[in-house]
Every structure is written in C-alpha cells, then in structure tokens.
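**Q** Protein chains in written order, with full-length UniProt numbering: chain A, 1 to 390; chain B, 1 to 246. By construction, the Cβ of each residue, glycine as well, lies at the ideal position given by its N, Cα and C atoms. Note that the coordinates shown come from a computational prediction; the quantities given were computed from them, not determined experimentally. Questions regarding the structure given below will be posed in turn.
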Amino acid sequence: MKRSFIANNPSVLIFIACLGLFTLGVTLMSEAFGTAVISTSFVKTLGKTLCLCLVAIAMDLVWGYCGILSLGHFAFFGLGGYMIGMWLMYARTEQIVVASLANAEIPPTAQEVTDAIGNQIFGVVGGSDFPAIWAFADSLAIQLALVVLVPGLLALVFGWLAFRSRVTGVYLSILTQAMTLALSLYLFQNDSGLRGNNGLSGLQNIPGAEAIPQSEISIYFFWASALALLLGYLLAAWVVSGKFGSVVRGIRDDEARVRFLGYSVEGYKLFVFTLTAVIAGIAGALYYPQAGIINPAEIAPIASIYLAVWVAIGGRGRLYGAVIGAATVSLLSSWFTGGQAPSINLGFYTIDWVDWWLVLLGFSFVLVTLFAPKGIGGLFDYLVRKGDAK
Amino acid sequence: MSALLEVSGVSVSFDGFKAINNLSFQIGPAELRAVIGPNGAGKTTFMDIVTGKTRPDEGSVLWGEKSQNLLKMSEARIAQAGVGRKFQRPTVFEDQSVFDNLLMALKNERGPLEVLFYKRSRADDARVEALAEEIGLADQLHRTSGELSHGQKQWLEIGMLLAQEPRLLLVDEPAAGMTLAEREHTTDLLREAAKTRAVVVVEHDMEFVRRLGCKVTVLHEGSVLAEGSIDHVTQDPQVIEVYLGR
Ligand SMILES: Nc1ncnc2c1ncn2[C@@H]1O[C@H](COP(=O)(O)OP(=O)(O)OP(=O)(O)O)[C@@H](O)[C@H]1O
Ligand SMILES: [Mg+2]
C-alpha cells in the first residue's frame, strides 16, 4: 500500500526534470556562461518569470487547494521585495557615500556618514532622516529574516481576524483587495518611509559584487530563482499530498463538513494563508533585485487579480497548472506589452498589442472560465486519461 | 443510567419563527433512538443545535459525565468530544477516494501540524479496511467517492461517522434514496453501533423506524409531542392527527 512520495506524485519528477533542463539550457545560452544566444536582460526576464511561477504556486495552494480566493497575495510578494530592497539600497548608498567622503580632509564621523546616506536615499521625498522602519537596513541577515517575517506576520494577523469571524467567499476576496489597496496607498505617501511613489531603485546593483558583471549576476539570480521554485514546488507538493492535503481540499469543497469531523477549519486556513504569504514574500525578494526597482504600483489591487487569472488559466488545484499559467501569461504579457508583438493592420484599424493585450487576456480568461474550467492543466489530465484508457 | 446528552428547555427562532420551542431530550450512553415528525418539525435544527451549528436563544445542552456545556464549544471541539453527525444529503468529499474520506474521519490528532506530519500506521490502514468491510465498500477503497451510487455514499458517510468513534451519532434520514436491501443493511449497522454508543436516527419512513425497534420521540412544531415505543406513539391521538393521519 505504502509508496514513496515521488512514486505517488509522478508530476513532481517531471517538473524537476523540466526545470533542470530549462535552467541548464538558459545557462548554456547565456552571455556569462554560454553561447550568448540570449541577452542578459532576457535572462532577467526568465528569472523573474520563475519567481512569478513561485508566487503562483502559493496562490494555487491557497485558492486552488484550500478554496480561499485571496486577491491580496501580491501584497506579500511586494513586501518581500521591499524588505530586501531596503538592504540593497542602503548598503549600496553607503558604499557610494563612504567612497565620496574618503577624500575629505577631516575623516567623517559616523553620524555624518549616516546623514549623507539619508540625504541620498530620502532626498527625492524631501527628507534626510531615517524612518524607524529602516533601523535594521544595514543588516542583510535581519532584512532577510524580515522578508519572511513581515509578510508572515501580516498574513497571520489579517487571517486570524478574517477567518475567526468566518469571513468567506466573495467577502474575503474583497477584504484581501482592501488590504492590498490600503498597503499600496500607504506606500504611495512620501512620508511612508519607503520613498513614496519613487519606490526603491538600483536594486540590480548588489553591494560587494561590483566586480561581477550583470551578465553573471543575472545568471546567479536565475539559478537562485530556479532553486526557490524547485523547493517551493516540492514543499507545496508535499503539503497537498498527504492527509493535510485531504483536509485542505475538504475545506475547499465543504468546510462545514470538515468542521463536523472535528477539524478546526480556521486553524487550517490560517496555516495555509500564512505559509503561502511567506512563499510569496520569498518570491518577491528574489524578483525585485532582478527587476531593479520596486514601487507601490507593484502591489496595486490589480496585480493580485492577475495572479488569480494566471492560476485560473493554468488550471487551479494542480501545481504544474499554476506554473504553466504564470509562465505563459506573464511571458506573453511582456512580449505583447514590450512592443515586440507585430501590430495587426485591418485596413480601417490597426490593432496595437500594447493597448489590446489586456483585452485579449480578458477574453482568454472568460473563455477558459466558460469552456475549460480546469485550465491548461486540465488538458494534461485529459491527455493522461486518454493515454491510460488505451 | 445517567444521560450522555441532556437537552433542556431549548428554544430557537429564525426571524421570529420558533423552529424549536422549549425542547427537552435525553439519551443514555448506549441507546438507539428514533426521532420522527412532519416536515419542518425541527428535527434537523435539533441536530444543528447539538453539533454547534446553530446557537439556541435559551436552554442548555449538557454532555457526558462531567456535564460539559456544549453551547460554549465550537463545532470542531464538539466533534472531538465525541458527537458525530450524518447529514440529510449525503456529504462525502466527492473528488477524493473512499480511502481518503475514511482516513480523514479516522479518530486521530486533528491539529494542523499533527496532520501535516502525520504518517499512516499499519493500524490505521487496518482500521480503514475493517470499516470499508463493514459498510460494504471494501472493493471500492480506491475509487473516487463521487462515482459511488447514492446508497454507497450514504454508507460511506456512515463509515466516516463510525471512523470518528463518536460516543453519540446523530443520523439524519439515512435511508433516503436506498433500496430495500440497502435499508436492511443500514438498520443492522445502526443497531450494531447502538450497542456501544448512543445513536439518534431521524427518519420519515415508518417501516424503517419499526425495524429499528427502539424508543421513538415524535417532534412537532419544535417540541416533543410524544415519546415511547413505536406502537405507543402510533396510537397516540395527537400524533395521528398531526403526522400519521394526513
Ligand atoms: N437557518 C434557517 N433560517 C430560517 N429558517 C430555518 C433555518 N433552519 C431551519 N429553518 C426553519 O425551521 C423549521 C424547522 O426546520 P428543520 O430543517 O429542522 O425541519 P425538519 O424537521 O428537519 O424537516 P424535514 O423533515 O423536512 O427535514 C422549518 O420551518 C425551517 O424552514
Ligand atoms: Mg431535516
């Protein structure tokens, strides 16, 4: 009866193989370690895509498996990005400041250095004092811990309040939208302490790694993203495979019934919500150094809705579906909106994809919802079943 | 024999309509009891109150030797304390296998972390197989439960109930939609279960209740109209008027 975890989850093995081949392929074609067929900026795009796949897995866990349609998980993603961004920006600015003051006749005091860094970072929002939330910005270790702690604690508190009062369905979705909207509006303010709408920038410059070219750094981040995706996938597959997965899917299908079996539904929801928020935070912390900049627009409510669309198109309730959905849609999106997609000239009107991509995406979403509720992933199930039947 | 469950003076109203009206009810630790009554008599609402789904406006519900107050406990805690429930519509987890359904119900630790690190033991496997045998689904263990027939789903749900090892079983219309043979099997299961625990069966079908051969409580408009043997209550003029004579 008993079989190993991998034997019970053949899709995990396939996923590991695909991800491994993909990583190897990209490395061999990169500028830094290969034939330079693909540009550094495209390596970054691919690395970012892997991070988006990771946050999509989190979304699939919370929505596809546990039935909580959270429309706020991009807030956790963004917070992870901000936490690592603070260290990147601080440490980088510190180097610049120290270098520029090195030639001064009187060696600068520690206070002068700090003031100069503050001036550099907060000049754009008319300030120079470090807000309290930057207290640990000089410590990489602490900021890394915050990547996990800040989204985790926010999710824990928010989830505890929401689930305890039995907020479910549409109401919960609206509440999560309100959360991400509030957070984004707050960050837009100049005195939020995170540079308002300027956000944090220059994040692609890794302090202490100036000697390493971006082409190489991009590959390291690509690898790190692939590794994080791999670990995230394995963790998620393990979580949903056993009895925990049974209970969580039971909650999705009929939460009252699970309650009468003696399971505290609220506890499970809170666990899944918080765990996925942490995964989202880690994904964000890997994404933004590759993007180079983070600003409050990133966590606008629409971003979390896109996340749900990716998972729906990919096929929720199956982890590879989330990966396929996020990769396909986000890559297509950057192709269409990047101006590379050829416009279609209809004679009387020219379809310019930069403007029409969202319409296409919206249509696809409606079509998938109506005709293929299991998404692209459902197609695989269908093919597998056909193969089995033979 | 002291009571396992003691419901006294319970009332509940929905938007001014009294669904349960000063209801009192007792059952011993190893007793089979049938509850009958016309549609809307409050039978399901009574179960909702005992299982914590509906909170009554007044009255008390006491449980076990220590007379715990069930009204202060959450649904999950009440279930853990030993109250199992089968719903009127069969509710099994349709996209999971019969095995997984039973395993989920099996008496074990219920906390998220314990469940996350749960490893199936040989004893648990054996227990699930024994239960499947008992409910006639031994050869269906790996089927998706959505594919089962209506009667099989009812049994699966009864199996899940037994898997919880509750001290009190509340069973809402178990025979609905079953064939005659299936009904007989169900009566046997319930009678067997009642040897070691309390079982409350809500049922419309008189023949089924007669076959259970137990004490009967008749509910009407949210309170107890009559109580006693099946012959006793079917001869009660009030019962005939509101229920049987229609
Ligand atoms: N949540 C609710 N809100 C409003 N009214 C309710 C609610 N639950 C039950 N009722 C009403 O309370 C009364 C008792 O309902 P209940 O379901 O307990 O009856 P029942 O005896 O189980 O009937 P049946 O034999 O049809 O299952 C009914 O009139 C019903 O409409
Ligand atoms: Mg009923």
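#1: Is there at least one non-hydrogen atom of ligand 2 closer than 7 Å to the beta-carbon of glutamine 154 of chain B?
#2: Since serine 24 of chain B and serine 11 of chain B should fall inside the 8 Å C-beta cutoff, what is the C-beta to C-beta distance between them, to a whole number of angstroms?
#3: What does DSSP give as the partner residues of arginine 85 of chain B in its beta bridges?
#4: Does the beta carbon of proline 112 of chain B come closer than 8 Å to any beta carbon on chain A?
#5: Just the C-alpha distance for residue 295 of chain B and valine 201 of chain B, rounded to the nearest angstrom, thanks.
#6: Give a yes or no on whether the minimum CB-CB distance between methionine 104 of chain B and chain A is below 8 Å.
#7: If you drop the 5 nearest sequence neighbours on each side, which residues of the same chain put their C-beta closer than 6 Å to that of phenylalanine 336 of chain A?
#8: So, valine 97 of chain A versus isoleucine 117 of chain A, is the Cβ gap smaller than 8 Å?
#9: Where the beta carbon is closer than 5 Å to any heavy atom of ligand 1, which residues qualify, in chain order?
#10: Answer with buried or exposed for phenylalanine 221 of chain A, where buried requires no fewer than 16 other C-beta atoms within 10 angstroms of its C-beta.
#11: How is the alpha helix (DSSP H) around histidine 220 of chain B delimited, first residue to last?
#12: Who are the near neighbours of phenylalanine 188 of chain A in its chain, counting only those whose CB is closer than 7 Å to its CB and skipping five residues on each side?
#13: Any chance you could list the beta strand (DSSP E) runs of at least 3 consecutive residues sitting entirely within the stretch 133-208 of chain B, in chain order?
#14: Mind reading off the beta-carbon distance from glycine 152 of chain A to threonine 274 of chain A? Whole number of angstroms is fine, and I expect it under 8 Å.
#15: Label leucine 194 of chain A either buried or exposed according to how many other C-beta atoms from any shown protein chain fall within 10 Å of its C-beta, with 16 as the threshold for buried.
#16: With 9 Å as the C-beta to C-beta threshold (strictly closer), list the residues of the stretch 63-81 of chain B near chain A in chain order.
#17: Using 8 Å as the cut-off, can you tell me whether the stretch 83-90 of chain B makes contact with the stretch 152-171 of chain B, which would need three or more C-beta pairs spanning the two stretches below that distance?
#18: Counting contacts by CB-CB distance shorter than 8 Å, is leucine 189 of chain B in contact with chain A?
#19: For a contact meaning CB atoms closer than 7 Å, what does valine 115 of chain B contact in chain A?
#20: Would glutamate 31 of chain B pass as a contact of alanine 194 of chain B if the rule is Cβ separation under 8 Å?
#21: Considering only heavy atoms of ligand 2, does any lie closer than 7 Å to the CB of glutamine 88 of chain B?
#22: Within the 8 Å Cβ cut-off, does valine 167 of chain A reach chain B?
#23: Can you list, in chain order, the residues of its chain whose CB lies under 8 Å from that of methionine 1 of chain A, leaving out five sequence neighbours each side?
#24: Using a Cβ-Cβ cut-off of 8 Å, state whether glutamine 152 of chain B counts as contacting chain A.
#25: Is glutamate 75 of chain B helix, strand or coil by DSSP?
#26: If we count Cβ pairs, one from each stretch, closer than 8 Å, do we get three or more for the stretch 52-69 of chain A versus the stretch 237-257 of chain A?
#27: Taking just the CA atoms, how far does alanine 76 of chain B sit from glycine 136 of chain B?
#28: Suppose contacts are defined by Cβ-Cβ distances below 8 Å. Is glycine 314 of chain A in contact with glycine 325 of chain A by that definition?
#29: Any beta carbon from chain B within less than 8 Å of methionine 1 of chain A's own beta carbon?
#30: Could you say which of B/Gly64, B/Leu113, B/Ala34 lies nearest to tyrosine 263 of chain A if we only look at CA atoms?
#31: Enumerate in chain order the residues of its own chain whose CB-to-CB distance from tyrosine 34 of chain A is below 8 Å, with the five nearest sequence positions on each side excluded.
#32: Output needed in chain order: residues of the stretch 10-26 of chain A with a Cβ under 9 Å from some Cβ in chain B.
#33: Quick one: grab the DSSP three-state call for asparagine 197 of chain A.
#34: How is asparagine 69 of chain B classed by DSSP in three states: helix, strand or coil?
**A** Short version:
#1: no
#2: The Cβ separation is near 11 Å, so there is no contact.
#3: B/Leu170
#4: yes
#5: Missing from the structure shown is residue 295 of chain B; chain B here goes from 1 to 246 and no further.
#6: yes
#7: Trp353, Trp357
#8: yes
#9: Contact residues of ligand 1 (beta-carbon closer than 5 Å to any heavy atom; chain order) are B/Phe14, B/Ala19, B/Asn39, B/Gly40, B/Ala41, B/Gly42, B/Lys43, B/Thr44, B/Thr45.
#10: buried
#11: Element bounds for histidine 220 of chain B: not the alpha helix (DSSP H) but the beta strand (DSSP E), 215-220.
#12: Gly196, Asn197, Pro296
#13: 168-172, 198-202
#14: 6 Å
#15: buried
#16: Cβ contacts with chain A: Ser74, Glu75, Ala76, Arg77, Ile78, Ala79, Gln80, Ala81.
#17: yes
#18: no
#19: Lys243, Phe244, Val247
#20: Contact check for glutamate 31 of chain B against alanine 194 of chain B passes: the beta carbons are separated by less than 8 Å.
#21: yes
#22: It does not: the Cβ of valine 167 of chain A has no partner Cβ on chain B nearer than 8 Å.
#23: Note that methionine 1 of chain A has pLDDT 43, beneath the 50 cutoff, so the model's placement of it is unreliable and no number is given.
#24: no
#25: helix
#26: yes
#27: 28 Å
#28: yes
#29: The pLDDT assigned to methionine 1 of chain A is 43, lower than 50, so where the model puts this residue is not dependable, and the model offers no usable value.
#30: B/Leu113
#31: First, the residue type needs correcting, since residue 34 of chain A is glycine and not tyrosine in the sequence shown. Only Thr27, Leu28 meet the Cβ criterion.
#32: Of all residues in the stretch 10-26 of chain A, none is placed with a Cβ closer than 9 Å to any Cβ belonging to chain B.
#33: helix
#34: strand
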